[in-house]
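In the working numbering, the protein residues as written are 1 to 190. Think of the CB as a built atom: it goes at the ideal place given N, C-alpha and C, for glycine as much as any other residue.
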Amino acid sequence: MHRLGLDPGRVDVMFISHFHGDHVLGLPPFLLQRALVSKGRLDIVGPPRIAEQLGQLLDLAWAGEWTSLSAGLTLCFHQAEGPGTVAGITYTPVALDHGSIGCTGYRIHIGGKVLAYAGDSEPTEALDQLVEGADVAIVEATAPGSVHSHTGWEEARQLRDRHPQTLFFFNHLYAGTLEGAARDLQTVNV
Ligand SMILES: [Zn+2]
Ligand SMILES: [Zn+2]
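Shown next as structure tokens:
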């Protein structure tokens, strides 16, 4: 966020899709910044047991000192069990298929537009329901071919073609030496 010139203190609400490490292990340093620098209140929407799961993560990350470190931060957890409104943002959770734990996608209403966010998902009917009619969709596209419990590049292309009115941003891309892989923060027009 600092590299992009974004102030972490301006985030009012976060939506957590699931508790796999690549989706939550960035939270402890972010939340420490909020606790020590920005302070104030932060709302977090997530799957069942969101408060318990993040509580355990923060206790582990900050060696049991999180409670005293976070005295200046008010964290408010919301279980995404149906449509809701948090910090003025209306959202609808959508249950997605992702291995054995599943994933919670969100349709988020901002300024008359709909943003669909998937997290991780197999390319099943639930993913189509998540992005149906959305103005913008942020969806994973992990790697070429068939990827266990994820969406492959060709499947992502087919999803985009089924929803031509939606602007797609694909994330969760394999990087490194894989042919066709994107570099960090690179934008590729597909
Ligand atoms: Zn995952
Ligand atoms: Zn992931």
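Sequence-distant residues of the same chain with beta carbon closer than 6 Å to residue i, five excluded per side
i	result
Ile-44	Met-14, Phe-77
His-109	Thr-90
Thr-104	Ser-17, Pro-47, Ala-80, Pro-93
Val-188	Ala-182
Residue i and residue j closer than 9 Å at C-beta
i	j	result
Ala-156	Val-136	no
Leu-127	Ser-121	yes
Leu-42	Thr-67	no
Gly-9	Arg-34	yes
His-172	Asp-22	yes
Identity of the residues DSSP links to residue i by a beta bridge
i	result
Lys-113	Ile-110
Gln-79	Gly-46
Asp-140	According to the sequence provided, residue 140 is Glu. The question's Asp does not apply to it. Paired residues: Asn-171.
Arg-41	Thr-74
Gly-84	Tyr-91
Thr-104	Ala-95
Met-14	Ile-44
Pick from the options that is closest to residue i, judged by C-alpha positions
i	options	result
Asp-59	Gly-5, Leu-32, Pro-47	Leu-32
Pro-164	Ala-61, Glu-132, Thr-151	Glu-132
Ala-141	Arg-160, Leu-130, Gln-129	Arg-160
Ser-70	His-172, Leu-36, Leu-4, Gln-56	Leu-36
Gln-79	Ser-17, Gly-21, Ile-101	Ser-17
Val-86	Glu-179, Val-11, Arg-162, Val-188	Val-11
Gly-55	Ala-181, Thr-166, Phe-19	Phe-19
Leu-27	Ser-146, Val-147, Ser-38, Ala-61	Ala-61
Pro-123	His-148, Ile-101, Ser-100, Gly-111	His-148
Rounded straight-line distance, which links the Cα of residue j to that of residue i
i	j	result
Glu-52	Trp-153	34 Å
Leu-4	Leu-25	20 Å
Leu-96	Gln-129	9 Å
Phe-168	Tyr-106	15 Å
Thr-177	Gly-40	42 Å
Tyr-174	Met-1	21 Å
Cβ-based neighbour list, residue i, same chain, cut-off 8 Å, excluding 5 preceding and 5 following
i	result
Glu-81	Pro-48, Pro-93
Lys-113	Asp-135, Val-136
Spatial neighbours of residue i in its chain, beta-carbon cut-off 7 Å, leaving aside the 5 residues before and after
i	result
Ile-50	Ile-16, Ile-44, Phe-77, Gln-79
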